[in-house]
Structures are given as C-alpha cells and as structure tokens.
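Let me begin by presenting the structure, written as structure tokens, before commenting on it.
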Amino acid sequence: MQHLLFKIIYAIFYIFSLLPLRVLYVFSDIIAFVLRDIFQYRKKVVLDNLQIAFPEKTQQERDRIAHEFYTRFCDSFLETLKLISISKEALSKRFVCDLQLLEDLHASSERSITLALGHFFNWEMANLAVSLQNPYKQLLVYKKVENYVFENMMLQLRGRFQAALLPTEDFQSRFRSHAGEKYCLILVADQNPYKHRHKAFWTTFFGRLVPFVKGPEKGAVINGNAVVFGKLTRVKRGYYKNELVLITANASETRRGEITKKMAGLIEENIKADPANYLWSHRRFKFVYSEENARNLIQ
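In the working numbering, the protein residues as written are 42 to 340.
This is how it looks when you write it as structure tokens:
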C-alpha cells in the first residue's frame, strides 16, 4: 500500500516538476510569504542566529537578510522538486561545476576524496550536478526521512545520475562495499551533533565555540583521503556555481581537529560572502561550551 502511494505521489510531483522554474518560483514566493509573514516559521531562530553571527549589522540589515533567506529557503524546495525531471543539459546550465581540482587529484593520486559541503542553497542541486562530471565514484551520505513516501522520493532524486547513497544510520555496512574503489564521499559537514555533542569537536564559529561532528574528519583520517571543501555560490535566482578548496591532500598527516577547524572557517567565509544563502532555520548555536568538552576543544 505504501509503495502504491509512493508511485501516485511521485507521479503527481513529476508532472508538477515539468513546469518551468519561472512558474515554480511564483509558488515559491507565495509559500515564502505564508511561512515568513503569516506563520512566522522559525523566525525567532533565524533572527537569533543572525544576531549572533552578525552583531555588527543593524537590525534592519538583519531583517533584510532574514527576508531574503525565506525566499531562498522556499526556492530550494521548488528547485529540488524540479530536479525530479530536469535534463542533464538544463542542470549543467543551472549549476556550473568547476571540478578541475578533483580531476587533478584523480590523475595524480590513488587516494579517495572526502568532499565536505555546508547547508548552502542549493546543496541538493550541487550533489546532482557534481555527479554528472565527477571523475570518482560518487558516494552521497544522507539522513533517512521517516516517511516512506518522501524517503523513496529523495532516493529516486539523489540517485538519478548514478551516485551511490549511504544512509548515516547504516553507513559502515553500506560503505564497506565501496572501500576498495576510488571514491568521492560527499557529506554535509555542519550538522549539529545533537546526540553525540559530548564527543564532538568544539571550535570557533562566528566568535563562539560551537560543536561540529567528528565523522567527516575521522573517516578521512582513517582512510587517508584528500579532503576538499565545496563552496557554493548563488549567481542569481535559479543559477549556482561551485568552487573547490583543498583542505589537505592526505588527512592522515593532519593534526587532530585540524580538518574540522579549517572546515568551520571555510563555512563561515562562505556565509559571510552571501549571508542569506545559508540555512539559518536550524539551531546552529544551540549548545553552550563547558569545561567537560575541553578535551575536544580545537583552537
């Protein structure tokens, strides 16, 4: 029954995705207005985060960033819907990938790659666009959605162009089958470590000590991967590009916490370049550093 429901809903979404993006953006504007001005969805969280990150800005400036954030937040959902049916040619025009660094690393080394992203719009489009040109076997780490219909919809979308999908809940067993390959492991590195914050690295992020998950660094060190950060930039509505930054050519040669600290700095730099293009609706500054975290403090 659930599978039948998935098929029906997927068919409806597929038909809806055939609409031009300029039409989908009309829906996005309406949804953004409802979320922002009527329901005020997570408005306090967004404004509190902006207050912490940009205390030097006026309240009016932060309000403008928040207003634009809601537009881009809703755009990202409609753009992700469009990915269900978008052609390779259209995707390549919408998201311009510069993968020269990956091509150079692939040609010069047998090491695999850990490619870290932040929660920048539109990271779903980035994952799909990179898979079109990636010289490595692309592995995408994702968190399962509890709803059967939407979980399968996202699996269908994210795996359109041959990326292998590895759920965080079953990562180790799924990863083993790819361990012997020359792979590019893509993951979002700024997840809030809710359940394991006592094990997280703590480092400075917008002037505050903030926890970062250890997983991206730990896996890269164990496997001796090169580590790359993917900077995402919104060129204009519906158009994006990336820039790859090499953090290390061999993670096993780095100091403990060095990779995570550099990632945090690059994410902060990416945010400052375009503050409205980051996912401010999650509580990135929720946890407060205490002395019990001192063993994992990276400065």
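The beta-carbon is built from N, C-alpha and C at its ideal position, and this holds for glycine as well.
query                                                                                                          : result
Limits of the alpha helix (DSSP H) - the one that F270 falls within                                            : Looking at the DSSP string, F270 is not in any alpha helix (DSSP H); the run it does join, the beta strand (DSSP E), is 267-277.
Residues near Q92 by beta carbon distance below 7 Å, same chain, minus five either side                        : R103
C-alpha gap between L198 and L124, whole angstroms                                                             : 7 Å
Own chain, CB closer than 7 Å to E109, minus 5 neighbours either side, in chain order                          : A317
Neighbour-count burial assignment, M304, 16 or more Cβ in a 10 Å radius                                        : buried
Exposed unless 16 or more other CB atoms sit within 10 angstroms - verdict on S29                              : In the structure as shown, the chain begins at 42 and stops at 340. Residue 29 is therefore absent and cannot be evaluated.
R135 versus S331 - alpha carbon distance                                                                       : 44 Å
For F242, the first and last residue of its enclosing beta strand (DSSP E)                                     : 242-246
A391 vs F270 beta-carbon contact at 8 Å                                                                        : Because residue 391 is not part of the residues shown, which for the chain are 42 to 340, the question remains open.
Span of the alpha helix (DSSP H), counted from its first residue to its last, around E102                      : 100-123
Beta carbon of L143 nearer than 8 Å to that of Y177                                                            : yes
Reference I106, options K313, R324, A292, I71, closest by Cα                                                   : K313
Y183 classed as buried or exposed, judged by whether at least 16 other C-beta atoms fall within 10 angstroms   : buried
Run of the alpha helix (DSSP H) containing K134, from where it starts to where it stops                        : 129-135
Proximity below 8 Å, CB of G254 to CB of S293                                                                  : Rather than Gly, the amino acid found at residue 254 in this sequence is Val. No; because the gap between Cβ atoms is not below 8 Å, this pair is not in contact.
Cross-strand partners of F161 (DSSP beta bridge)                                                               : Y319
Check whether L66 and L119 have beta carbons under 8 Å apart                                                   : Correcting the residue type first, residue 66 is Tyr in the shown sequence and not Leu. Going by C-beta atoms, Y66 is nearer than 8 Å to L119.
Opening and closing residue of the beta strand (DSSP E) in which N283 lies                                     : 280-289
Beta-carbon proximity of L140 to Q179, cut-off 8 Å                                                             : no
Exposed unless 16 or more other CB atoms sit within 10 angstroms - verdict on T155                             : buried
Spatial neighbours of G17 in its chain, beta-carbon cut-off 8 Å, leaving aside the 5 residues before and after : Past the boundaries of the shown model lies residue 17; the chain is included only from 42 to 340, so the question cannot be answered.
Alpha carbon of F162 to alpha carbon of R113, nearest angstrom                                                 : 7 Å
Beta strand (DSSP E) segments (min. 3 residues) lying fully within the region 189-264                          : 205-208, 224-229, 242-246, 249-253
For Q179, the residue or residues it bridges with in DSSP                                                      : C225
K85 to R325 span [Cα, whole Å]                                                                                 : 13 Å
DSSP-derived helix/strand/coil call for L65                                                                    : helix
C138 vs N283 beta-carbon contact at 8 Å                                                                        : yes
First through last residue of the alpha helix (DSSP H) which encompasses I76                                   : It should be noted that the sequence gives Leu, not Ile, for residue 76. Here L76 belongs to no alpha helix (DSSP H), and DSSP marks it neither H nor E.
Where L140 falls: helix, strand or coil (DSSP)                                                                 : coil
DSSP-derived helix/strand/coil call for L341                                                                   : Lying outside 42 to 340, the shown extent of the chain, residue 341 is not represented and no answer is given.
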